[in-house]
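Line by line, the protein sequences are chains A and B. Counting along the first sequence from 1, when you hit position 19 you're at 19 in our numbering, and nothing is skipped either side. Counting along the second sequence from 1, when you hit position 63 you're at 1063 in our numbering, and nothing is skipped either side.
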Amino acid sequence: MTSKIKRGVSLYSFQEEMFLGQMTVEDGIAFAAGIGARGIEILPEQNMPTFPHIDDAEIARWHAMLDRHGAHFTCYDMFLDTKLRKGELLSDDEQVASISRDLELCHRLGIRNMRILIFVRPDILERCVPTAEKYDIHMGVEVHAPWHLEHAWILRTIEIADRLGTRHLGILPDMGIFMKHYPPEFRARFERQGARPEITQFIVDQHEQKIMCEYTIYDVAVKMGGNKAEIAMAETLRHAPYANPKRLADYAPYFRHIQAKFYGMTADCTDPTIAYDEVIPVLVDCGWEGTLSSEYEGNRWVQDVEPVDSREQVRRQHVMFERLIANAEAHRAPAAA
Amino acid sequence: MFDRYLIDAATVRNTGPADAPTGFAFEARLGYYRGLGLSMIEELNVAIDGEPLPRAAVRFDEGAGPLTLDEMETAYDRRWAFAAPATILVTHPGGYPAGDHTLSLQQKLRVSYMPFPSFNFDEKVVTIAA
């Protein structure tokens, strides 16, 4: 049976080339559509220079651009500047107003999924549910490493969604929570910064064994007398969890968009780091319907030694997605068929 | 994430009358993957040839007119857009002599979702034209 998983790309993926003026947003949309990833996730605060002042002509320009390439919007990544003013946080009312502003713009753009930053308080989101319902927008709290699907902070959002019985508040998993193997791009960068190979191998081995990060950080910093680069590498383990992909099935009703984070693909189109080979069968078996939206974040780890080629990285990830989805469909668990 | 790209080395120049420069200026970009309101840009620390320049000597202009760092603190309606060059102007009577100099820029940002300030840093050898 064919799954309902759709493929897309977040414009975040092309940040290196866009920052350097080597790509426009339209180049990103055209490329994504060209590899069959027609769902486009945007960060208005990155991709719309006049944010938050977006007039109707600008919105029409975006829709014309999507139409030219046979693409469509999937998700709006919001931000919330609680620290707008020095020394005091935005009041609760101001936070709700800021999110409401984003919901309204999201609606004007015709987008029905919003990525909510994970630090936004669940009780603030509860106050935004009526507006999200009015515009029929799903507010998905980004489940981002080092949080995970069953972190108590995430469960607060689930509890509110259940209590309100709303389909307009839930989660939006970032696949960085499924870091099964330490990213080779991270290791290589730290070695270029002076980390010794025997120390980086130790850190990789510790991660491979899933030893709780604080043991490794202490070993590297104190027992092994680690240098700056080695300690910094050990500290990345605080944000390098491998959560259980099986839990995705339990929470599938609460999300309809996925940020498909990755740091680098091999030439033969496999991800050496994130456990997509475990994630995708779970999504297929539970009949999840939504978009796998590429979020390439490898640029910052390789830009010091090579030109970043975000398009090639995204292309390889989608070759992998097509392969893994097809395999999972062919071997779909009988219970879910 | 973009530290190495903050300073546009080709833009460094003395400002003011050619025979009596009042300072220097250069174009820079924000080291962040989105734009940010100016009130959340806490510091733009500029040093040249290892000498830090005073905070009060630095002004910033993303296109809507120069502001001091103190004025930026309450510039709630202005933003430094993603990837957009802005001018950093530094008052320094006499400017700098023509030739090569080491210019550094540190940006301290108040990013709401982070528990600590975000720092970006770039340092480049730049040439001031004769």
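By construction, the Cβ of each residue, glycine as well, lies at the ideal position given by its N, Cα and C atoms. The structure displayed is predicted, hence computed values, not measured ones.
| request: Would you identify the three-state DSSP class for A336(A), choosing helix, strand or coil? | output: Summary for A336(A): the model assigns pLDDT 47, below 50, so the residue's position carries little reliability; its value from the coordinates is reported in the next sentence. The answer is helix: DSSP assigns A336(A) an H, G or I state.
| Taking one C-beta from the stretch 1097-1108 of chain B and one from the stretch 1039-1050 of chain B each time, how about it: are there three or more such pairs within less than 8 Å? | yes
| Hey, how far is the Cα of Y12(A) from the Cα of A1084(B)? | 16 Å
| In this structure, does DSSP put H207(A) in helix, strand or coil? | helix
| field | Buried versus exposed call for Y242(A) [16 or more other C-beta atoms within 10 Å across all chains shown] | value | buried
| Just the Cα atoms here: how many angstroms apart are A145(A) and I154(A)? | 12 Å
| Taking DSSP as the reference, what is the three-state secondary structure of E41(A)? | strand
| Can you list, in chain order, the residues of its chain whose CB lies under 7 Å from that of L89(A), leaving out five sequence neighbours each side? | T82 and K83
| task | Below 8 Å on the Cβ atoms is my guess for L172(A) versus E142(A); work out the distance and round it to an integer in Å. | result | 5 Å
| How about P49(A): is its C-beta nearer than 9 Å to some C-beta of chain B? | yes
| query | Exposed or buried, which one is G165(A) when buried takes at least 16 other CB atoms within 10 Å? | reply | exposed
| task | Please report how far the alpha carbon of R315(A) lies from the alpha carbon of I258(A), in whole angstroms. | result | 17 Å
| field | E1073(B): contacting residues in chain A (beta-carbon distance under 9 Å) | value | R85 and K86
| task | Kindly indicate which residue of L1053(B), M1040(B), D1061(B) and G1016(B) has the alpha-carbon position closest to the one of A1028(B). | result | D1061(B)
| Around the Cβ of M18(A), are there at least 16 other Cβ atoms within 10 angstroms (buried) or fewer (exposed)? | buried
| Through-space distance from T291(A) to L6(A), alpha-carbon basis | A quick correction: the sequence has Lys, not Leu, at residue 6(A). Computed Cα separation, rounded: 5 Å.
| said: Short of 6 Å in beta carbon distance, which residues of its chain neighbour I338(A), apart from the five on each side in sequence? Order them along the chain. | reply: In the structure displayed, chain A extends from 1 to 337; residue 338(A) sits before or after that span and is not available.
| request: Could you check what DSSP says for E1062(B) in three-state terms: helix, strand or coil? | output: coil
| request: Use the C-beta contact count for A336(A): other C-beta atoms within 10 angstroms, 16 or more gives buried, fewer gives exposed. | output: Only weak support is given to the placement of A336(A): the predicted model assigns it a pLDDT of 47, under 50, and the value that follows is read from those uncertain coordinates. Exposed.
| Taking just the CA atoms, how far does D102(A) sit from D136(A)? | 13 Å
| Collapsed DSSP secondary structure at F14(A) in the structure displayed | helix
| request: Starting from S310(A), follow the alpha helix (DSSP H) in both directions and report where the run begins and ends. | output: S310 to A330
| query | Is it true that the stretch 49-66 of chain A meets the stretch 264-273 of chain A, where meeting means three or more beta-carbon pairs spaced less than 8 Å apart? | reply | no
| said: I'd like to confirm something about G1065(B): is its beta-carbon nearer than 8 Å to some heavy atom of the ligand NAD, or not? | reply: The model depicted lacks the ligand NAD and carries no ligand whatsoever.
| field | Per-residue burial, D174(A) [other beta carbons within 10 Å of its own, 16 or more giving buried] | value | buried
| Interface residues of chain A facing Y1076(B) [CB-CB closer than 9 Å] | L84 and R85
| query | By DSSP, does A195(A) sit in helix, in strand, or in coil? | reply | coil
| task | Quick one: give me the first and last residue of the beta strand (DSSP E) that M139(A) is part of. | result | H138 to V143
| message | If contacts are defined as beta-carbon pairs under 8 Å, then G46(A) and Y1033(B) qualify, I think. What distance do you get, rounded to the angstrom? | response | Looking at the sequence itself, residue 46(A) is Gln, so the reference to Gly does not match. Confirmed, about 6 Å.
| query | Excluding the five sequence neighbours on either side, which residues of its own chain have a C-beta within less than 7 Å of the C-beta of N1014(B), listed in chain order? | reply | P1021, F1024, G1095, Y1096 and I1128
| query | Hey, quick one: how far does the alpha helix (DSSP H) through F31(A) stretch, first residue to last? | reply | V25 to G34
| query | Candidates K210(A), P245(A) and F202(A): which alpha carbon is nearest G226(A)'s? | reply | F202(A)
| task | Along the beta strand (DSSP E) that carries P130(A), what are the first and last residues, could you check? | result | Element bounds for P130(A): not the beta strand (DSSP E) but the alpha helix (DSSP H), P122 to Y135.
| task | Could you tell me the distance, in whole angstroms, from the CA atom of T157(A) to the CA atom of R121(A)? | result | 9 Å
| What residues match up with S98(A) in a beta bridge as DSSP calls it? | According to DSSP, which records beta bridges pairwise, S98(A) is partnered with nothing at all.
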